[in-house]
Amino acid sequence: MAPSGSFYQHVYDWQGVQHDTLLFTLLKNCHRLMSCQSLDDACELISQAIMQLQFDGYYRLEVCGQVYIEHFKAGQHGSYHGDRPQKGSDNRAIKVVELEHALIFKMRFIQLYITKTQDNLELLEDSQSILLLWLMQVESLCMDYALHHFLHTELNTEQQNQADSMNLHFDLEVSLNRLDLDAKDMTQAFNESVIPLLTPTDFIDPMRRQQLLITALTAHQEHLSQLVKQQFGLYLSTQRMLEALGVEPH
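Quick note, the sequence shown lines up with residues 18 to 267 if you use our numbering.
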């Protein structure tokens with residue numbers, strides 16, 4: 018089991034990564050998430066990945082008061098009449114909960130519940146790192162959405178004057194532009210180092226290809242973790258400033 022720990026210092030294990038359907042599906046899904054323009058599109062991509070992998074369970078995504086919940090049975094959309102799934106972790110810790118019958122991932126914006134079956138038991142045990150990387154990509158997208166939501170929060174005249182005196186919107190916009198550039202650099206590096214390795218070729222020795230993939234995933238994970246760390250720091254500081262103005266940010 019991958020250990021739960023700091024949101025930004027989780028120990029990923031790429032040495033045992035396998036060239037299987039789950040790996041390719043989630044990495045290609047990450048590629049699409051990087052160019053995603055809306056939460057609706059992100060949820061569609063999450064659903065596509067779950068359906069391709071034929072998981073049972075659900076995901077719950079909540080950002081700025083918008084809540085998306087989808088249940089799945091054998092990879093197909095399913096109905097659910099039980100208790101409403103609760104939101105994920107309120108802090109920066111990744112919570113990986115391993116139960117006898119399920120594997121649960123909890124982050125600030127996204128929670129994923131996968132039912133264990135005889136068919137996927139070994140797969141889930143060996144694939145927690147790639148599942149976490151995929152969910153971190155979702156988390157980064159949600160963080161970016163929340164930050165832009167903060168930027169366009171409506172303020173009354175008094176609040177706006179206070180915000181101007183604190184340079185709230187100017188500083189936030191500058192920081193967002195910098196983070197956008199970091200995200201573009203990360204996407205370009207991913208497209209150049211990871212995507213070419215997802216297409217089988219006779220020109221690369223399998224062992225060499227495996228090592229290249231490990232190196233590329235390690236670099237991407239570090240870049241993504243650093244990006245989310247910066248996004249989350251900006252999220253918390255902006256949230257505190259809005260609260261100081263008497264605004265209750267979602």
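The beta carbon of each residue, even a glycine, is placed where N, CA and C say it ideally should be.
The structure presented is a predicted model; accordingly, all values stated were derived computationally and were not measured.
Beta bridge counterpart(s) of residue i as assigned by DSSP
i    : result
K123 : K112, Q128
E190 : Per DSSP, none; premise fails for E190.
Q205 : The partner list for Q205 (beta bridge, DSSP) is empty, contrary to what the question assumes.
H94  : F89
E79  : V84
Reduced DSSP secondary structure (H/G/I, E/B, other) of residue i
i    : result
G74  : strand
E265 : coil
D199 : helix
C159 : helix
M153 : helix
G63  : Checking the sequence shown, residue 63 turns out to be Ile, not Gly. The answer is helix: DSSP assigns I63 an H, G or I state.
K133 : coil
Q54  : coil
I212 : helix
F167 : helix
M224 : helix
H240 : helix
E260 : helix
N184 : coil
Contact test: residue i Cβ vs the ligand NAP heavy atom, cutoff 7 Å
i    : result
L262 : Among the components of this structure there are no ligands whatsoever, and the ligand NAP is therefore not found.
Cβ neighbour criterion (16 or more within 10 Å) applied to residue i
i    : result
E139 : exposed
H98  : For H98, the predicted model reports a pLDDT of 46, less than 50, meaning its position is unreliable and no value from the coordinates is stated.
E265 : exposed
V191 : exposed
M160 : buried
S55  : exposed
A261 : exposed
Q135 : exposed
T235 : exposed
T216 : exposed
E171 : exposed
R225 : exposed
Q228 : exposed
S157 : buried
Unbroken alpha helix (DSSP H) run spanning residue i, endpoints
i    : result
E171 : From DSSP, E171 is part of no alpha helix (DSSP H); its letter is neither H nor E.
T42  : 38-50
L140 : 138-143
May I ask you to verify whether the region 228-244 touches the region 204-214, counting CB pairs closer than 8 Å and requiring at least 3?
The region 228-244 vs the region 204-214: in contact.
Does the contact criterion of 3 or more C-beta pairs under 8 Å hold for the region 81-96 versus the region 141-153?
By the Cβ test, the region 81-96 is not in contact with the region 141-153, since fewer than three Cβ pairs between them sit closer than 8 Å.
Would you check if there are 3 or more beta carbon pairs closer than 8 Å linking the region 111-119 to the region 58-68?
Contact between the region 111-119 and the region 58-68 is absent: fewer than 3 CB-CB pairs across the two stretches fall below 8 Å.
Say whether the region 245-260 touches the region 190-201, bearing in mind that this needs 3 or more beta-carbon pairs closer than 8 Å, one atom from each stretch.
Between the region 245-260 and the region 190-201 there are three or more C-beta pairs closer than 8 Å, enough to call the two in contact.
Below 8 Å, how does it come out for the region 123-130 and the region 37-56: are there three or more Cβ pairs, yes or no?
The region 123-130, when compared against the region 37-56, does not touch it at the 8 Å Cβ threshold.
Taking one C-beta from the region 78-89 and one from the region 159-178 each time, how about it: are there three or more such pairs within less than 8 Å?
Taking a cut-off of 8 Å for Cβ pairs, the region 78-89 and the region 159-178 touch, as three or more such pairs fall below it.
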